[in-house]
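K.L.:
Residues in the sequence shown are numbered from 1 upward in steps of one, following full-length UniProt numbering. Don't be surprised by glycine CBs; every beta carbon is placed ideally from N, CA and C. Values in this document were obtained by computation on a predicted structure and should not be read as measured data. Please see the structure below; I have some questions.
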Amino acid sequence: MFQLLIGQFVSANGDVISHLNISSARVGDGGRYECVAHNSAGADAHSARLNIYGPPTVRPMGPFTAIAGQDFSVWCPVGGHPITRISWTKDGVELPVSRRQVVDSDGGLTIRQVSATADVGHYSCTAVGRRGSSDTGDFLLTVKVPPRLAPVMITRGTRTGMRAQATCVVQEGDLPIRISWLKDGRLLRSADFPFRRKRSLGINHLSPDRNPFTPDNGGASAHLSALGFDAHAPEPPYASGAFYTNYDSSKIGSFNAHLDDTFIDVLEVPGVHIRHMSQFTSLLVIDKAMAEHSGNYTCAATNAAGTTFSSAVLSVAA
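Next up, the structure:
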């Protein structure tokens, strides 16, 4: 009976040694094995091939999902020895057919800057043995497109008491898409629903500050899960990086939201009204806005492929 045992121990010199034991090995157990070590500072890996004499045997693969604009890599999971050739095809056409596709002699396939239109399809790898025997395995590759945001825009020349409107437009990305607004790194509580491709944020009776809204053309990408809300947290909210900032709780209320088990500070601003102008447009209006409304506003668009941000700074002339 096939048995696989993985274990590790710490040597007298302080080295962590891991071992993989395969009993009753079969031809299909041959292939590329990789050991990955993790700690708080990062990760490192080493791989090697285990050769077991026998005819080529390709194990099942996929299906796989790639992210548009990123690289995708896969290995042909073949056992058997000796293997004289491993080839890849897409929809029956042998690869590579472009510079973005790299086929390694040891069975690796890499697609550079995945395209949502050109790279979707059925992929197959075929391993050939010395005596002409062969085996083939295939998988379906799908591609998800992360949100792409236009720069956040705002009317210029805003003064105290005037109305300003910031608009966030998702130019592309797979549905459903969730659009959220953050102020100074803190999530703005709003009626935020999936399937919205465009959303606006408006503020009435603005408070004084210095500069007009300026768009930020940068767009960092990150992964962001659906939000969960807790109205009453037993401890003060906490977070890391740009998702946290201090505030005066006597002026603006707050509650907690968690993203992948990380708590972030969330604003609950009095007098906020959400007006859905259309399926793709939503207006957020603040009645009797306070000086605390000035700051950095960030639009975050999230789907299954990731999250994209676009920011703008609001300051109001007296």
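Mark residue 312 as exposed unless 16 or more other C-beta atoms lie within 10 angstroms of its C-beta, in which case mark it buried.
P.N.:
Residue 312 sits at position 312 when you count from the first residue of the sequence shown. Buried, by the Cβ-count rule.
K.L.:
Give a yes or no on contact between the stretch 298 to 310 and the stretch 169 to 180, applying the rule of three or more CB pairs nearer than 8 Å.
P.N.:
Taking 8 Å as the limit for Cβ pairs, the verdict is that the stretch 169 to 180 does touch the stretch 298 to 310.
K.L.:
Quick one, are the C-beta atoms of residue 60 and residue 129 less than 8 Å apart?
P.N.:
Taking the first residue of the sequence shown as position 1, residue 60 is located at position 60. Taking the first residue of the sequence shown as position 1, residue 129 is located at position 129. In this structure, residue 129 does not lie closer than 8 Å to residue 60 by Cβ.
K.L.:
Residue 303 bridges to which residues according to DSSP?
P.N.:
Taking the sequence shown and counting its residues from 1, the one referred to as residue 303 is at position 303. According to DSSP, residue 303 bridges with 306.
K.L.:
Within a Cβ cutoff of 6 Å, which residues of the same chain sit near residue 150, ignoring the five residues on either side of it in sequence?
P.N.:
The sequence position of residue 150 within the sequence shown is 150, counting from 1. Here the set comprises 169 and 171.
K.L.:
Considering only C-alpha positions, which residue in the set 52, 12 and 97 is nearest to residue 78?
P.N.:
Mapped onto the sequence shown, residue 78 falls at position 78. Residue 78 has its Cα closest to that of 52, out of 52, 12 and 97.
K.L.:
Mapping the DSSP letters down to three states, classify residue 138 as helix, strand or coil.
P.N.:
Within the sequence shown, the letter at position 138 stands for residue 138. It is a strand residue.
K.L.:
What separation, rounded to the nearest whole angstrom, lies between the Cα atoms of residue 143 and residue 133?
P.N.:
Here residue 143 refers to the residue found at position 143 when the sequence shown is read from its first residue. Here residue 133 refers to the residue found at position 133 when the sequence shown is read from its first residue. Rounded to the nearest angstrom, the two C-alpha atoms are 33 Å apart.
K.L.:
Could you compute how far the alpha carbon of residue 239 sits from the alpha carbon of residue 185?
P.N.:
On the sequence shown, residue 239 is found 239 positions in, with the first residue counted as 1. On the sequence shown, residue 185 is found 185 positions in, with the first residue counted as 1. Low confidence applies here, because residue 239 scores a pLDDT of 31, under 50, leaving its location unreliable and the question unanswered by this model.
K.L.:
Is residue 29 helix, strand or coil by DSSP?
P.N.:
Taking the first residue of the sequence shown as position 1, residue 29 is located at position 29. Of the three classes helix, strand and coil, the one that applies to residue 29 here is helix, per DSSP.
K.L.:
Provide the residue(s) that pair with residue 57 in DSSP beta bridges, ordered along the chain.
P.N.:
Position 57 of the sequence shown holds residue 57. 79, per the DSSP bridge assignment.
K.L.:
Under 6 Å Cβ to Cβ from residue 218, same chain only, skipping five residues before and after it: list those, please.
P.N.:
Position 218 of the sequence shown, counted from the start, is the residue given in the question as residue 218. Its pLDDT being 37, under 50, residue 218 is placed unreliably in this model, and the value from its coordinates should be taken loosely. For residue 218, where only same-chain residues beyond five positions count, there are no Cβ hits under 6 Å.
K.L.:
If contact is defined by three or more beta carbon pairs under 8 Å, each pair taking one atom from either stretch, is the stretch 60 to 71 in contact with the stretch 84 to 98?
P.N.:
The answer is no - the stretch 60 to 71 does not touch the stretch 84 to 98, with fewer than three Cβ pairs under 8 Å.
K.L.:
Here's the rule: buried if 16 or more other CB atoms are within 10 angstroms of the residue's CB, otherwise exposed. What is residue 36?
P.N.:
As a first step, residue 36 is located in the sequence shown; it is residue number 36 there, counting from the start. It counts as exposed.
K.L.:
Note the first and the last residue of the continuous beta strand (DSSP E) segment covering residue 103.
P.N.:
Translated into positions along the sequence shown, residue 103 becomes position 103. Counting along the chain, the beta strand (DSSP E) containing residue 103 begins and ends at 101 to 103.
K.L.:
Name, in chain order, the residues that DSSP records as bridge partners for residue 8.
P.N.:
Within the sequence shown, the letter at position 8 stands for residue 8. 18.
K.L.:
With a threshold of 8 Å on Cβ separation, who are the neighbours of residue 9 within its own chain once the five nearest residues in sequence on each side are excluded?
P.N.:
For the purposes of this step, residue 9 is taken as the residue at position 9 of the sequence shown. Closer than 8 Å at the Cβ level, and outside the excluded window around residue 9, lie 16 and 17.
K.L.:
For residue 115 and residue 91, what's the separation of their Cα atoms in angstroms?
P.N.:
Taking the first residue of the sequence shown as position 1, residue 115 is located at position 115. Taking the first residue of the sequence shown as position 1, residue 91 is located at position 91. Taking the straight line from one Cα to the other gives about 16 Å.
K.L.:
Would you call residue 26 buried or exposed, if buried means 16 or more other Cβ atoms sit within 10 Å of its Cβ?
P.N.:
Counted from its first residue, the sequence shown places residue 26 at position 26. Burial call: exposed.
K.L.:
Distance, Cα to Cα, residue 58 vs residue 32?
P.N.:
Taking the first residue of the sequence shown as position 1, residue 58 is located at position 58. Taking the first residue of the sequence shown as position 1, residue 32 is located at position 32. Looking at the two C-alpha atoms, the distance is approximately 12 Å.
K.L.:
Taking the beta strand (DSSP E) that residue 46 belongs to, which residues open and close that run?
P.N.:
Within the sequence shown, the letter at position 46 stands for residue 46. Element bounds for residue 46: 42 to 50.
K.L.:
With 16 other CB atoms within 10 Å as the buried threshold, where does residue 98 fall?
P.N.:
Here residue 98 refers to the residue found at position 98 when the sequence shown is read from its first residue. Exposed.
K.L.:
Using a 10 Å radius around the Cβ and a threshold of 16 neighbouring Cβ atoms, would you call residue 5 buried or exposed?
P.N.:
Along the sequence shown, read from residue 1 onward, the residue named residue 5 stands at position 5. Classification of residue 5: exposed, given that the 10 Å Cβ count is below 16.
K.L.:
Tell me, which residues are paired with residue 94 by DSSP?
P.N.:
For the purposes of this step, residue 94 is taken as residue 94 along the sequence shown, with counting starting at 1. DSSP output for residue 94 lists 89 as bridge partner(s).
K.L.:
Just to confirm my understanding: we take residue 30, look at its own chain, exclude 5 residues before and 5 after, and list those with CB closer than 7 Å. What are they?
P.N.:
By one-based count along the sequence shown, residue 30 stands at place 30. Cβ neighbours of residue 30 beyond the five flanking positions: 50, 51, 52, 79, 80 and 81.
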